[in-house]
Amino acid sequence: MTIEAVVTLPVLITVAIIAINVLMFLGDCAAFDRLSRDAVRSVATVPSYHETSQDTAAQIENDLNQSFASNHTAVHVLVEGRSPGYLSYIAVLEFRPSLFGHALNSTIFGVSLPSVEHRATLTIDPYKPGAII
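The numbering of the sequence shown is my numbering, which starts it at 1 and goes up by one.
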């Protein structure tokens, strides 16, 4: 009985670490979807008078980095011009596997642990103060 426990214990620990990481990633994705779209709606729809879309993207990225301040996540925000007058803000959440919240090496036993990305995109028509339509 003890031999079977010794053999299966590392497998059970590995499965538990994978399950914890999957649940952490799914929880972060759910929060990221809501917070990234809220940040785009509150910051990018009515920019300041001399503020460019890149400035707005940097402000959104700063807000999201404050919300996801952990050692296993990173946030990036990109902006693309779609059709005339419309901007798409693409927020990217990069999740790196962790050992119960502590950072892991990028390789374990010669196997690299890739980071997982989740994207949330919102296309808006920013209000232009002083523009006559």
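A virtual CB, placed ideally from N, CA and C, is assigned to each residue, including glycine.
On a predicted model such as this, the values are computed, not experimentally measured, just so you know.
Opening and closing residue of the alpha helix (DSSP H) in which F32 lies: The residue you call residue 32 lines up with position 32 of the sequence shown. Start and end: T2 to V43.
Inter-stretch contact (C-beta, 8 angstroms, three-pair minimum) for the stretch 116-128 and the stretch 84-97: yes
Inter-stretch contact at 8 angstroms, needing at least 3 Cβ pairs: the stretch 77-89 / the stretch 49-62: yes
Sub-9 angstroms separation of P126 and S53 beta-carbons: For this step, residue 126 is matched to residue 126 along the sequence shown. For this step, residue 53 is matched to residue 53 along the sequence shown. In this structure, S53 lies closer than 9 angstroms to P126 by Cβ.
Simplified DSSP assignment, three categories, for E80: Position 80 of the sequence shown, counted from the first residue, corresponds to residue 80. It is a strand residue.
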